[in-house]
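Comments concern the structure below.
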Amino acid sequence: MTRSQHLRVWQREAFELYQRAQPRDFLTVATPGAGKTTFALTIAADLLARGVVERVVIVTPTDHLKTQWALAASGIGITLDPSLAGQGVLGSDFQGFAVTYAGLAVNPNAYRARIEHRPTIVILDEVHHAADALSWGDAVQEACEPAVRRLALTGTPFRSDDNPIPFVTYAPQVDGTMTSLADYSYGYAQALKDRVVRPVLFMAYSGQMHWRTRAGDEVAARLGEPLDRAATAQALRTALDPNGSWIPEVMTAAHTRLMEVRRDVPDAGGMVIASDQDTARQYAAVLTEISGAAPTVVLSDETGASARIAEFSAGMTPWMVAVRMVSEGVDVPRLSVGVYATTTSTPLFFAQAVGRFVRARRKGETASIFVPSVPRLLQLASDLESQRDHVIGRPVKDAEDLFQAEAELLAKANEDQGASDQLGEYRALGSDASFDRLVYDGGEFGYDALSDDDGELDFLGIPGLLDHDQVAELLRTSRAKRAKAKAKDTAAPEADVAFEKRSELRRELHALVGAWHHRTGAPHGVTHSRLRSQCGGPPAAQASAAQLQERIDAIRAWALKASG
0 MTRSQHLRVW QREAFELYQR AQPRDFLTVA TPGAGKTTFA LTIAADLLAR GVVERVVIVT
60 PTDHLKTQWA LAASGIGITL DPSLAGQGVL GSDFQGFAVT YAGLAVNPNA YRARIEHRPT
120 IVILDEVHHA ADALSWGDAV QEACEPAVRR LALTGTPFRS DDNPIPFVTY APQVDGTMTS
180 LADYSYGYAQ ALKDRVVRPV LFMAYSGQMH WRTRAGDEVA ARLGEPLDRA ATAQALRTAL
240 DPNGSWIPEV MTAAHTRLME VRRDVPDAGG MVIASDQDTA RQYAAVLTEI SGAAPTVVLS
300 DETGASARIA EFSAGMTPWM VAVRMVSEGV DVPRLSVGVY ATTTSTPLFF AQAVGRFVRA
360 RRKGETASIF VPSVPRLLQL ASDLESQRDH VIGRPVKDAE DLFQAEAELL AKANEDQGAS
420 DQLGEYRALG SDASFDRLVY DGGEFGYDAL SDDDGELDFL GIPGLLDHDQ VAELLRTSRA
480 KRAKAKAKDT AAPEADVAFE KRSELRRELH ALVGAWHHRT GAPHGVTHSR LRSQCGGPPA
540 AQASAAQLQE RIDAIRAWAL KASG
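Numbering that gives the first Met the number 0 numbers the first residue of the sequence shown as 0 and each following residue consecutively.
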């Protein structure tokens with residue numbers, strides 16, 4: 000059986016397209032978690048086997064990814080040196096090497112000489128990073144120009160600037176812009192349908208924020224409510240302050256979800272993405288108190304960071320706290336719960352961060368990411384399935400518009416500088432957290448839509464039970480049921496003399512189910528289903544007082560038996 004026969008459907012399609020075209024340059028856009036590395040190495044192995052190339056060069060954004068690529072390549076018989084220095088000599092045992100974009104920029108001529116020396120395929124991983132700095136783009140262009148084959152990979156080809164990505168084709172549009180063209184695209188929406196990636200549930204949390212401004216004014220506002228840009232940013236910073244209550248409350252909810260997942264997937268892991276290293280360390284202390292176990296902390300400037308990521312990936316530790324290093328490209332398949340606790344909110348960073356959680360390992364998995372309920376992040380979560388391309392050369396409308404892009408960049412720089420200047424004067428005074436809404440499949444489901452009496456939505460957290468379409472259907476059905484019930488109650492309130500009694504019994508039952516969850520870890524929905532199976536009757540919302548009392552007696556009996 001050939002290596003290509005082991006590929007996923009999209010990988011095989013892209014491989015066959017490449018085989019037919021035999022292009023010098025080829026851009027593959029595939030959603031994070033889809034398997035770009037396997038696809039690229041299959042092409043490299045084929046070209047080596049047919050003698051088209053004699054050397055493989057991988058260019059990556061980070062040092063950790065160099066090692067990750069070398070390990071993946073060794074799995075299919077390609078030996079790569081991930082530690083070759085700019086002036087070093089490639090050992091005879093190696094068929095190529097891996098280098099970062101920053102490393103390439105230090106001495107592009109030395110790398111060009113290596114690439115010229117033998118027929119080479121250059122694989123540009125997360126190629127949008129080649130335009131992060133003009134010097135990087137120039138270096139990639141200079142060093143990689145002699146390559147007989149160039150394969151560019153990205154999960155997010157869009158950028159917010161006008162820097163062209165090297166070796167990427169741009170096509171003119173009717174509005175005067177130039178848009179990047181992929182030779183093969185495989186988006187998140189299609190990957191969901193193919194069950195290559197997990198569906199992502201975004202759990203958005205709001206809450207009351209209280210802070211003191213630089214002018215000495217004390218402000219209280221609800222996170223996510225309509226505020227001006229500065230107040231929204233200050234409210235978000237207040238929420239993310241590790242000394243407030245929002246972070247520990249949200250982390251507690253995230254840890255509860257992770258523990259539910261680990262009942263079925265014992266090695267499932269969670270990750271908190273922090274804004275900076277000091278905050279990351281404080282978040283780690285909060286998580287230690289919540290979970291009882293110290294999380295893995297990954298700070299990109301510390302020696303051994305890559306080793307800690309690899310150790311976490313292969314281990315059983317529940318949580319990792321990281322800054323930017325683990326937001327892109329790093330492969331930790333067991334991640335299934337995340338806390339997005341950073342002020343960074345660009346589409347590129349958000350998409351790459353979410354990409355760490357979407358890799359599917361078994362049927363029916365979902366990923367849960369806890370986010371602050373602010374408009375920018377909610378929009379990014381809602382747009383997760385949208386396909387974007389890199390657009391450059393936005394048209395100049397008139398003389399005043401000539402320097403608009405530069406003006407926007409300057410304004411952003413001034414804004415960031417101003418925020419830095421005010422950092423010592425702003426002070427977070429307090430915060431709390433409350434669940435606001437769930438964002439899934441482009442739709443938003445508010446608290447009312449998710450408040451079902453049976454806790455059936457707890458099934459969303461049970462791995463292996465529901466696929467993408469079933470999750471969406473469950474959420475839509477729940478929202479429709481709640482809306483119908485609300486309309487019925489408004490139109491004709493039920494005249495039920497036993498209403499208060501039934502309400503009291505339902506509250507007592509839900510409290511007991513919650514206590515059983517804390518005692519055993521059993522999700523609420525599973526417990527309700529077990530009670531209905533044992534006692535019979537309809538869901539709790541429709542159950543009679545006698546049926547509710549029977550379930551209360553049953554769960555109390557379980558507790559007594561467990562204690563005995």
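We treat Cβ as the ideally placed atom computed from N, Cα and C, and that holds for glycine.
Buried or exposed (CB count within 10 angstroms, at least 16 for buried), leucine 298: Indexing the sequence shown from 1 puts residue 298 at position 299. So leucine 298 counts as buried.
Range covered by the alpha helix (DSSP H) that runs through aspartate 219: As a first step, residue 219 is located in the sequence shown; it is residue number 220 there, counting from the start. Looking at the sequence shown, residue 219 is not aspartate but alanine. From DSSP, alanine 219 is part of no alpha helix (DSSP H) but of the beta strand (DSSP E) over 217-221.
CA nearest to the CA of glycine 521, picked from Ala558, Gly354 and Val167: The sequence position of residue 521 within the sequence shown is 522, counting from 1. For the record, residue 521 in the displayed sequence is alanine; it is not glycine. Comparing Cα-Cα distances from alanine 521 to each of Ala558, Gly354 and Val167, the minimum goes to Ala558.
Cβ contact (3+ pairs, closer than 8 Å) linking the stretch 312-319 and the stretch 216-235: no
Assumed close pair alanine 232, leucine 222 - CB separation to whole angstroms, cut-off 8 Å: Residue mapping note: residue 232 aligns to position 233 of the sequence shown, counting from 1. Residue mapping note: residue 222 aligns to position 223 of the sequence shown, counting from 1. Alanine 232 to leucine 222, Cβ: 11 Å. No contact.
Backbone CA spacing between threonine 30 and glycine 154 [nearest angstrom]: Position 31 of the sequence shown, counted from the start, is the residue given in the question as residue 30. Position 155 of the sequence shown, counted from the start, is the residue given in the question as residue 154. Spanning the two alpha carbons is a distance of roughly 5 Å.
Opening and closing residue of the beta strand (DSSP E) in which serine 335 lies: Translated into the one-based positions of the sequence shown, residue 335 becomes position 336. It spans 334-340 - the beta strand (DSSP E) in which serine 335 sits, taken as one unbroken run.
Cβ pair isoleucine 75, valine 55 closer than 8 Å: Taking the first residue of the sequence shown as position 1, residue 75 is located at position 76. Taking the first residue of the sequence shown as position 1, residue 55 is located at position 56. Going by C-beta atoms, isoleucine 75 is not nearer than 8 Å to valine 55.
Within the stretch 171-209, ranges of the alpha helix (DSSP H) (whole runs, at least 4 residues): Taking only runs of at least 4 residues, the alpha helix (DSSP H) segments lying wholly in the stretch 171-209 are 187-192.
Pairwise C-alpha distance: lysine 500 and arginine 555: The residue you call residue 555 lines up with position 556 of the sequence shown. The residue you call residue 500 lines up with position 501 of the sequence shown. Their Cα atoms are separated by approximately 19 Å.
Spatially closest choice to glycine 136 from Ile120, Val331, Ile164 and Val121, by CA coordinates: Reading the sequence shown from its first residue, position 137 is the one you call residue 136. Nearest C-alpha to glycine 136: Ile164.
Whether leucine 379 touches phenylalanine 356 by CB criterion (8 Å): On the sequence shown, position 380 is the one that residue 379 refers to. On the sequence shown, position 357 is the one that residue 356 refers to. Cβ distance not < 8 Å, so leucine 379 and phenylalanine 356 don't count as in contact.
C-beta atoms of alanine 71 and leucine 103 nearer than 8 Å: Stepping through the sequence shown from its first residue, residue 71 is reached at position 72. Stepping through the sequence shown from its first residue, residue 103 is reached at position 104. No.
Cβ-Cβ separation, isoleucine 120 to valine 52 (assumed contact under 8 Å), whole Å: Walking along the sequence shown from the start, residue 52 turns up at place 53. Walking along the sequence shown from the start, residue 120 turns up at place 121. Correct: roughly 5 Å between the Cβ atoms.
Straight-line Cα distance separating glycine 536 from valine 512: Residue numbering aside, residue 512 sits at position 513 when the sequence shown is read from its first letter. Residue numbering aside, residue 536 sits at position 537 when the sequence shown is read from its first letter. Cα-Cα distance, rounded: 17 Å.
Opening and closing residue of the alpha helix (DSSP H) in which alanine 350 lies: Taking the first residue of the sequence shown as position 1, residue 350 is located at position 351. 346-353 is the extent of the alpha helix (DSSP H) around alanine 350.
Proline 22 classed as buried or exposed, judged by whether at least 16 other C-beta atoms fall within 10 angstroms: Working through the sequence shown from its first residue, we reach residue 22 at position 23. Answer is exposed; the Cβ neighbour count stays below 16.
Rounded Cβ spacing between tyrosine 187 and alanine 13 (contact assumed at less than 8 Å): Counted from its first residue, the sequence shown places residue 187 at position 188. Counted from its first residue, the sequence shown places residue 13 at position 14. About 16 Å separates the Cβ atoms of tyrosine 187 and alanine 13, ruling out a contact at the 8 Å cut-off.
Ordered list of beta strand (DSSP E) runs contained in the stretch 228-300, each at least 3 residues: 268-273 and 295-297
Straight-line gap, proline 81 to aspartate 124 (C-alpha atoms, nearest Å): For this step, residue 81 is matched to residue 82 along the sequence shown. For this step, residue 124 is matched to residue 125 along the sequence shown. Taking the straight line from one Cα to the other gives about 14 Å.
CB of valine 249 within 8 Å of CB of tyrosine 204, strictly: What you label residue 249 is simply residue 250 of the sequence shown in a count that begins at 1. What you label residue 204 is simply residue 205 of the sequence shown in a count that begins at 1. With respect to tyrosine 204, valine 249 sits close: the two C-beta atoms are nearer than 8 Å.
Inter-stretch contact (C-beta, 8 Å, three-pair minimum) for the stretch 280-290 and the stretch 238-252: Short answer: they touch.
Neighbour-count burial assignment, glutamine 86, 16 or more Cβ in a 10 Å radius: Numbered from its first residue, the sequence shown carries residue 86 at position 87. Exposed.
Bounding residues of the beta strand (DSSP E) (the contiguous stretch that carries isoleucine 57): Numbered from 1 along the sequence shown, position 58 holds the residue referred to as residue 57. Residues 54-59.
Three-state secondary structure assigned by DSSP to alanine 561: As a first step, residue 561 is located in the sequence shown; it is residue number 562 there, counting from the start. Of the three classes helix, strand and coil, the one that applies to alanine 561 here is helix, per DSSP.
Three-state secondary structure assigned by DSSP to valine 525: In the sequence shown, residue 525 corresponds to position 526, counting from 1. Three-state result, valine 525: helix.
Expected contact under 8 Å - CB spacing of tryptophan 210 and tyrosine 425 to nearest Å: The sequence position of residue 210 within the sequence shown is 211, counting from 1. The sequence position of residue 425 within the sequence shown is 426, counting from 1. With 8 Å as the limit, tryptophan 210 and tyrosine 425 qualify as a contact, their Cβ atoms being about 7 Å apart.
Delimiting residues of the beta strand (DSSP E) encompassing threonine 119: For this step, residue 119 is matched to residue 120 along the sequence shown. From DSSP, the beta strand (DSSP E) with threonine 119 extends over 119-123.
Among Ile308, Thr237, Arg333 and Ala142, the one whose alpha carbon lies nearest that of arginine 197: Your numbering for residue 197 matches position 198 in the sequence shown. The option with the nearest alpha carbon to arginine 197 is Arg333.
Contacts around glycine 337, its chain only, beta-carbon distance under 6 Å, and the 5 residues preceding and following it disregarded: The residue labelled residue 337 in the question sits at position 338 within the sequence shown. Only Met270, Phe356 and Ile368 meet the Cβ criterion.
Those runs of the alpha helix (DSSP H) which lie wholly inside the stretch 29-99 and span at least 4 residues: 35-48 and 62-73
Buried or exposed (CB count within 10 angstroms, at least 16 for buried), serine 73: Taking the first residue of the sequence shown as position 1, residue 73 is located at position 74. Label assigned to serine 73: exposed.
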